[in-house]
Amino acid sequence: MSSRTKYEMLLGILDVIRGEAKGTKWAQQYAVESTDNEDIRQARAKAFIHLYLKVMFGLTEFAERESFITDGSYDGGIDGYYIDQDTRRIYLIQAKFRNTERNFETKEIEIGELLVMEIYRITGGKTEDEKGEGYNGKIQGLIRRISEIPDIGRYNYHVVILANCKLPAEQLRKLTDGHPATVFNFERSYNELVFPIVSGTYFKAQEVTIRLDLNNKSAGAKTSYSVGTPDYQCEITVLFVPTLEIARAMDKYRNSLLEYNPRSYLELEGQQVNASIRETLLRPDSNAFALMNNGITILSGETNLN
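This is the structure we're talking about:
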């Protein structure tokens, strides 16, 4: 029995994403029940953008990802986007999915396909293309969202190209209205989009920002105190929050939270986790037990509460 190729694994993932549209208003658009090859090809092309949004930004819900996909008639050459409020960056996506393994791994996106991106008009708030035709509803939504950002001057635009492209960065900038561009060629797509899904390690954020809604909690929902250990001095802040808030954070940031959890590193000292926790409880010279016992413990470079 031969193992599947990377491209076959990609197709499998895209078909699973298509299946998420079952029972929704997008079922026909994603060819959930169709056996027509062209319908499936077009659906996989959109699912490819879904995959990028899921892996890179942790968008696990199909409907949420779909709201950022603009691919269609009168899309101004923009197939999708994402507004990252944490990093103040607006991603504009141009994707070119290939229907065969050979084409996916060898065929380059054409310069003409990059030139159709009307970035300067869309980011400038224009609602019509250069021919005077109105942009589609999804692009209009992008324009509206940009206009509603109060500190838009602090945001940067970044173009993402989901296709093979060997153009140097300086040439790409000329095609993207001067904005930096990131290329996901076939190798990067396999390594950074397919493998993380297969291994369950997708969306490992470099910086974690967690917003918790404590509106319905009393003033006693937060307590802080200093903890001294033999190696360091730190400030402990305990938040009592609704389980739903914890579930939301874990769903989006689970890989990063596991990395930043001090308990994850106890085994590196050659001790069993529970034995190490017990030792911290018995030692009279420190209160390191508080770091390693209950709830979710993460290391934070900066914490702001209001």
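Heads up: the sequence shown begins at 15 in the working numbering, then just goes up one per residue.
Each residue gets a CB set at the ideal place from its N, CA and C atoms; glycine is no exception.
All values derive from a computational prediction rather than experimental measurement.
Exercise for review: Use the C-beta contact count for R18: other C-beta atoms within 10 angstroms, 16 or more gives buried, fewer gives exposed.
Suggested key: It is exposed - the Cβ of R18 has fewer than 16 other Cβ atoms within 10 Å.
Exercise for review: Count the other CB atoms, across all protein chains shown, that sit within 10 Å of the CB of S203; report buried if there are 16 or more and exposed otherwise.
Suggested key: Flag for S203 reads buried.
Point to revise | Contact the stretch 111 to 125 vs the stretch 148 to 156: 3+ CB pairs below 8 Å | key: Taking one beta carbon from each stretch, the stretch 111 to 125 and the stretch 148 to 156 have fewer than 3 pairs nearer than 8 Å; the two do not touch.
Exercise for review: Work out the CA separation of V130 and E142 for me, nearest whole Å.
Suggested key: Annotation: E142 to V130 spans about 14 Å, alpha carbon to alpha carbon.
Exercise for review: Just the C-alpha distance for Q43 and K60, rounded to the nearest angstrom, thanks.
Suggested key: Each residue's alpha carbon lies about 9 Å from the other.
**Study point:** Close Cβ partners of A177 (< 6 Å) along its chain, the five nearest in sequence each way excluded
**Key:** K110, I123, listed in sequence order.
Point to revise | Straight-line gap, E147 to L128 (C-alpha atoms, nearest Å) | key: When the Cα atoms are used, E147 and L128 turn out to be separated by approximately 19 Å.
Check your understanding: Does the separation of the CB atoms of I175 and Q108 fall below 8 Å?
Key -> Against a cut-off of 8 Å, the Cβ pair of Q108 and I175 comes out as a contact.
Review point. Who are K236's beta bridge partners in DSSP?
Key: Paired residue(s): L253.
Exercise for review: Helix, strand or coil for I104, going by three-state DSSP, please let me know.
Suggested key: Residue state, collapsed to three classes: strand.
Exercise for review: Leaving aside the five residues before and after L24 along the sequence, list all residues of the same chain whose C-beta is less than 6 Å from its C-beta, in chain order.
Suggested key: Counting only Cβ-Cβ distances below 6 Å, and skipping sequence neighbours, we find V208.
Check your understanding: From L282 to T223, what does the alpha carbon distance come to, in whole angstroms?
Key -> Confidence at L282 is low in this model, with a pLDDT of 49, below 50, so the placement of that residue should be treated as unreliable; the coordinate-derived value is given next. Distance between L282 and T223, taken at the CA atoms: about 27 Å.
Review point. Excluding the five sequence neighbours on either side, which residues of its own chain have a C-beta within less than 7 Å of the C-beta of E132, listed in chain order?
Key: The residues are G90, G91, D143, E144.
Exercise for review: Would you mind stating whether N409 and S87 have Cβ atoms separated by less than 8 Å?
Suggested key: This structure cannot settle anything about residue 409, because the visible part of the chain is limited to 15 through 320.
Practice item. Tell me whether the beta-carbon of D98 lies closer than 8 Å to the beta-carbon of T84. Key: Not in contact: D98 and T84 (Cβ atoms no closer than 8 Å).
**Study point:** Cβ contact (3+ pairs, closer than 8 Å) linking the stretch 49 to 69 and the stretch 29 to 37
**Key:** Judged by pairs of C-beta atoms under 8 Å, the stretch 49 to 69 touches the stretch 29 to 37, as three or more such pairs exist.
Exercise for review: Could you tell me whether any Cβ in chain B is nearer than 8 Å to the Cβ of S17?
Suggested key: The chain inventory of the structure shown lacks chain B, comprising one protein chain alone.
Exercise for review: Quick one: residues in its chain with C-beta nearer than 7 Å to the C-beta of D265, no 5 flanking neighbours on either side, listed in chain order?
Suggested key: If you ignore the 5 residues before and after D265, its C-beta comes within less than 7 Å of the C-beta of T74, all in its own chain and listed in chain order.
Check your understanding: Taking the alpha-carbon positions, what's the A45 to I211 distance?
Key -> The straight-line gap from Cα to Cα measures roughly 22 Å.
Check your understanding: What's the gap between the Cα of P182 and the Cα of E259?
Key -> So the two alpha carbons sit approximately 44 Å from each other.
Review point. Between N205 and C179, which are expected to be in contact by the criterion C-beta below 8 Å, what is the C-beta distance as a whole number of angstroms?
Key: In fact, because the Cβ distance is near 16 Å, the residues do not count as touching under 8 Å.
Exercise for review: Find out if the Cβ-Cβ distance for the pair H64, Y105 is shorter than 8 Å.
Suggested key: No, they are not a contact pair.
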